[in-house]
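Take a look at the structure below.
Below is the structure:
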């Protein structure tokens, strides 16, 4: 057994039978109107765990990256990123299409600029 947990993608992380059962048994609601007890509890627990006022669940890394860019930049802005970074190479230019941003790439070493 390895101490390494690979969370790069849902294509390399497979749920166990117990995880699938927990998903199937989870209470559901409409998260659009804040009525999903499972998501509400996840957000409450995460905020408490991290010592923060609140937390929000985002269903994808691409969505999370776009929100982070929009929080820090406005349309027409340029942001700096490593030439090999995920948001620049693997999100089909979403930063330009969705947020109106331009990327300035710089050399780096695994995220260290």
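In my numbering, the protein residues as written are 742 to 854. Virtual Cβ for every residue (Gly too), placed ideally from N, Cα, C.
Checklist entry - In three-state DSSP terms, what is residue 757? => result Here the question's residue 757 lines up with position 16 in the chain shown. Residue state, collapsed to three classes: coil.
Next on the checklist: With a threshold of 6 Å (Cβ to nearest heavy atom), would residue 828 be considered close to the ligand COA?
Outcome noted: As for the ligand COA, it is missing from this structure, which has no ligand bound.
Checklist entry - According to DSSP, is residue 799 helix, strand or coil? => result The sequence position of residue 799 within the chain shown is 58, counting from 1. Here residue 799 sits in coil by DSSP.
Checklist entry - Alpha carbon to alpha carbon, what distance is there between residue 843 and residue 849? => result In the chain shown, counting from the first residue as 1, residue 849 sits at position 108. In the chain shown, counting from the first residue as 1, residue 843 sits at position 102. Linking residue 849 to residue 843 through their CA atoms gives a straight-line distance of about 18 Å.
Checklist entry - Which one or two residues does DSSP pair with residue 850 in a beta bridge? => result As a first step, residue 850 must be located in the chain shown, where it is residue number 109. In DSSP, residue 850 forms a bridge with 853.
Checklist entry - Candidates 756, 744, 815: which alpha carbon is nearest residue 841's? => result As a first step, residue 841 must be located in the chain shown, where it is residue number 100. Of 756, 744, 815, the residue nearest in Cα terms is 815.
Next on the checklist: According to DSSP, simplified to helix, strand and coil, what is residue 785?
Outcome noted: Numbered from its first residue, the chain shown carries residue 785 at position 44. Helix at residue 785.
Next on the checklist: Taking the beta carbon of residue 790 as the centre, do at least 16 other beta carbons fall within 10 Å, making it buried, or is it exposed?
Outcome noted: Counting from one through the chain shown, the residue named residue 790 turns up at place 49. Of the other Cβ atoms in all chains shown, fewer than 16 fall within 10 Å of the Cβ of residue 790; this residue is therefore exposed.
Item to check | The beta strand (DSSP E) enclosing residue 820, as first and last residue numbers | outcome: Counted from its first residue, the chain shown places residue 820 at position 79. That run of the beta strand (DSSP E) goes 819 to 823.
Checklist entry - Per DSSP, residue 749 forms a beta bridge with which residues? => result For the purposes of this step, residue 749 is taken as residue 8 along the chain shown, with counting starting at 1. Residue pairing by DSSP places residue 749 in no beta bridge whatsoever.
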